[in-house]
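Participant: Under my numbering, think of the first position of the sequence shown as 9, with each following residue one higher. Have a look at this one.
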Amino acid sequence: MQPIWLRYLRLLSIAMEARLEIVLGRWAARFVAAMLFSFFFVMTLSLLTAALIAWLAGVPKWSYGFLIGASVWGGVTALAGVLGHGLLHRRMVSKEAIYRLRLAQSGMRLIEKSLAEPYTAKSLSSALTAPLGRLLWFFIRRWLRKWIPFL
9 MQPIWLRYLR LLSIAMEARL EIVLGRWAAR FVAAMLFSFF FVMTLSLLTA ALIAWLAGVP
69 KWSYGFLIGA SVWGGVTALA GVLGHGLLHR RMVSKEAIYR LRLAQSGMRL IEKSLAEPYT
129 AKSLSSALTA PLGRLLWFFI RRWLRKWIPF L
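Below, the structure written as structure tokens:
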């Protein structure tokens, strides 16, 4: 059996490793979402620019094609902005790391609780509450026995 401080350090290292994994997963999800959104936005702007150039050059069919392409990429950009971060966050942040973190934290709390000194000094109110409650219950039973004989 390991000493308590060694078990606590082991749980602390597990918790720190799990936190690091969670933080890196969140950072990676944000980074990838920003990169995808930027790429989709640049594609939309480039197709809009191509549509403007085609319209100024006098080729309206090409400009309509570029506008349709820009609208498709704009829709993809909107979807990436609304749903992209949530989907990437769920895929890139490890559920096992969250589970390990919770287990390590609960183990550390148990060790801390077992090492904490019990609070033995009672306050005046808690010391008086129990005897006063028994005395009050004694008087209530006596009054009830006077009115209800089979108690």
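Cβ atoms here follow ideal geometry from the backbone N, Cα and C, with glycine treated the same way.
#1: Please classify residue 124: does DSSP put it in a helix, a strand, or coil?
#2: Could you tell me the boundaries of the alpha helix (DSSP H) in which residue 75 lies?
#3: Which residues bound the alpha helix (DSSP H) around residue 90?
#4: For the candidate residues 92, 82 and 134, whose alpha-carbon lies nearest to that of residue 38?
#5: Mind reading off the beta-carbon distance from residue 78 to residue 44? Whole number of angstroms is fine, and I expect it under 8 angstroms.
#6: Quick check: residue 12 and residue 148, are their CB atoms within less than 8 angstroms of each other?
#7: Using only alpha-carbon positions, find the residue among 103, 117, 21 and 142 that is nearest to residue 190.
#8: Does residue 81 pass the burial test, meaning 16 or more other C-beta atoms within 10 Å, or should it be called exposed?
#9: How about the region 19-30 and the region 94-114: do they share at least three Cβ pairs that are nearer than 8 angstroms?
#10: Taking the alpha carbon of residue 98 as the reference point, which residue from 30, 68 and 15 has its own alpha carbon closest?
#11: Taking 8 angstroms as the cut-off, decide whether the C-beta atoms of residue 245 and residue 62 are in contact.
Facilitator: According to the structure data:
#1: coil
#2: 68-87
#3: Here residue 90 belongs to no alpha helix (DSSP H), and DSSP marks it neither H nor E.
#4: Residue nearest to residue 38 within the set 92, 82 and 134 is 92 (criterion: CA-CA distance).
#5: Actually they do not touch by this definition, with Cβ atoms about 17 angstroms apart.
#6: No; because the gap between Cβ atoms is not below 8 angstroms, this pair is not in contact.
#7: Examination of residue 190 is not possible in this model, given that the chain is present from 9 through 159 alone.
#8: buried
#9: yes
#10: The candidate whose alpha carbon is nearest that of residue 98 is 30.
#11: What is shown of the chain runs 9 to 159, which leaves residue 245 out entirely.
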